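Numbering (the working numbering), first residue to last: 43 to 291.
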Amino acid sequence: MALSTHDLVQTPFEELLATPSSRLPYQHDVQLRFFVLQRPDDTVIVYNSPGVSEAATAIQRLGPPSRLLVNHAHEAMYGPPDLDIPIWMHGADRREVGDSLDIAGTFDRRERIDHDLEAIPTPGHTPGTCSYLWDSGTHRFFFTGDFLWIENGEWKAVVLDPALRDEHLASLALIGGMAARLDREALSDERRYPARAGEFVHLRDATGTRHRTPSTRRKGLVQNMPVRHQKRSTNPQPQSCGIDDVETV
43 MALSTHDLVQ TPFEELLATP SSRLPYQHDV QLRFFVLQRP DDTVIVYNSP GVSEAATAIQ
103 RLGPPSRLLV NHAHEAMYGP PDLDIPIWMH GADRREVGDS LDIAGTFDRR ERIDHDLEAI
163 PTPGHTPGTC SYLWDSGTHR FFFTGDFLWI ENGEWKAVVL DPALRDEHLA SLALIGGMAA
223 RLDREALSDE RRYPARAGEF VHLRDATGTR HRTPSTRRKG LVQNMPVRHQ KRSTNPQPQS
283 CGIDDVETV
């Protein structure tokens with residue numbers, strides 16, 4: 043049976059739910075979705091997307107979510123979700139969001155939200171882009187949003203503002219230790235589980251077991267220009283780099 047946009051989709055991991063993908067309104071080859079983290083005492087939503095309101099009833103059936111975590115300011119274009127839920131984001135993007143979202147709180151540094159969930163600022167795509175690391179007790183997930191995605195099997199990082207190039211490189215270096223453990227394989231059945239660019243990556247567990255992650259498609263935005271060899275430019279076109287251009291520690 044075909045999935046409705048009101049459904050939640052079971053990912054390959056029992057504790058992680060998602061929505062069917064929807065298209066970016068102004069760029070239809072970019073797909074969007076959000077994720078629901080099923081924790082022992084509550085649920086947490088990662089990313090604000092049109093699907094949050096569409097799946098509000100399904101989300102409520104899981105129990106009232108404790109918070110929604112925004113990756114960066116561009117997610118405000120979809121407006122507030124049709125849910126009574128505190129919204130959190132990085133403070134550096136707060137002004138750009140304005141009144142589009144009712145922000146309950148902000149992060150200004152790397153910090154733990156709870157014992158299993160961590161906010162990790164990764165500026166570069168925007169000044170306040172923030173990734174999230176969740177340890178479910180069985181698996182670890184790193185939600186990158188538009189900070190990183192995989193295109194044609196390669197890690198990509200898009201810099202929209204050349205003035206943020208150095209910040210983006212610093213963010214890549216910051217996660218270098220984790221990047222060495224990221225699984226680059228794509229989920230085999232993309233027709234069942236098409237993915238949004240950069241939405242999440244699954245870290246290997248303590249035994250080194252490899253797990254699959256969603257494949258991603260972000261065509262039309264990424265130029266294959268390794269940042270290591272780029273010169274600073276006033277050209278406003280998006281620029282990209284492969285994560286292998288950064289030393290891992």
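Ideal placement from N, C-alpha and C gives every residue a C-beta, glycine not left out. Here the structure is a predicted model, which is why all the values come from computation and not from measurement.
What is the rounded straight-line gap between the Cα of ARG151 and the Cα of ALA161?
8 angstroms
How is the alpha helix (DSSP H) around THR99 delimited, first residue to last?
98-103
How about PRO123 and LEU110: are their beta carbons less than 8 angstroms apart?
yes
Starting from ILE138, trace the alpha helix (DSSP H) both ways and give me its first and last residue.
One point to set straight first is that residue 138 is Glu, not Ile, in the sequence displayed. Where GLU138 is concerned, the enclosing alpha helix (DSSP H) stretches over 136-139.
In chain order, what residues of the same chain lie with their CB nearer than 8 angstroms to the CB of ALA98, ignoring the 5 residues before and after it?
PRO123, ASP124, LEU125
Taking the Cβ atom as the reference point for each residue, do SER178 and ASP158 lie within a distance shorter than 8 angstroms?
yes
At which residue ranges does the region 149-220 contain complete beta strand (DSSP E) runs of 3 or more residues, listed in the order of the chain?
153-156, 159-163, 172-177, 182-185, 191-193, 196-201
Would you list the one or two residues that DSSP bridges to PHE76?
PHE76 pairs with nothing; no bridge assigned.
Given TYR120 as reference, the closest of ARG137, PHE149, ARG75 once Cα atoms are compared:
ARG75
Quick check on DSSP: helix, strand or coil for VAL86?
strand
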